[in-house]
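In my numbering, the protein residues as written are 1078 to 1265. Think of the CB as a built atom: it goes at the ideal place given N, C-alpha and C, for glycine as much as any other residue. These figures come from a predicted structure and were not determined experimentally.
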Amino acid sequence: AAVRLTEAYLSGREKADRLLDLIPESFLGKRRAACQSLFLGALRHGHRVRRALRPLCRRRPRPLAEAVCLVAGYELWTAPPGKQPKIVHHAVERAKPILHRGETRFLNAVLRQLPPALAAIEASEDPAAAHSHPAWLVERWTRAFGPDRTGGPRHRFVMPVVESERSSKTLRMFSGVILPALLSGTFT
């Protein structure tokens, strides 16, 4: 179901929030949560997955095949290395009834090469892809706030905070105590 939702989103027919409303009513509890997580994860990390797929594909796949790549790519990106072959196998087996035979072979070959391609994306070389943001947004933030405030290779690239009088105390506490602890791994 997550692949079909992603395909509909890629085709431009619906917005994400509307598509979430279309999840079948029979999907309850963990099954519904898994579907939502895969769909939203595929959208959130789509820039990184597409960047990793670019050198592996001669041309852009059809929306359905691309949707399978995005959903499986998100799963591969978040899964431990030991589970990655099972994810590839599951994605290919589930795609066989909905894709052409050639697309299934393409999918099998590409998904097997995707984990190292995802890991090879470096924030210092391509911050937009590494943090899965559109390139235009990263460029705009860097121009507006400078490279130091928008992050670098060791930072998560998040929208810069614009200080206000009310938030300056909280921001100082966060940037002075909590953020360094999070970055060093000593925050508990």
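Continuous alpha helix (DSSP H) stretch holding residue i: start and end
i	result
H1166	1161–1172
D1094	1093–1097
R1189	1178–1196
C1134	Element bounds for C1134: n/a, residue is neither H nor E.
A1156	No alpha helix (DSSP H) holds A1156; DSSP gives it neither H nor E.
Nearest-angstrom beta carbon gap, residue j and residue i [assumed within contact, 8 Å]
i	j	result
A1129	A1149	About 12 Å; that fails the 8 Å criterion.
V1215	P1204	5 Å
H1210	H1124	6 Å
A1119	L1099	Contact doesn't hold; Cβ gap of about 15 Å is too wide.
Option in the options with minimal Cα separation from residue i
i	options	result
L1115	E1091, Y1151, R1095	Y1151
H1166	N1185, H1177, P1174	N1185
P1193	K1173, L1153, H1208	L1153
Proximity of residue i and residue j at Cβ, strictly below 7 Å
i	j	result
L1301	L1096	This structure cannot speak to residue 1301, because the chain is shown only from 1078 to 1265.
C1112	A1156	no
I1198	A1212	no
Hey, is the region 1127–1144 in contact with the region 1085–1104, meaning 3+ C-beta pairs nearer than 8 Å? Touching, yes, given that three or more Cβ pairs across the two stretches are closer than 8 Å.
Three CB pairs or more closer than 8 Å across the region 1185–1194 and the region 1158–1165: They touch, by the three-pair rule.
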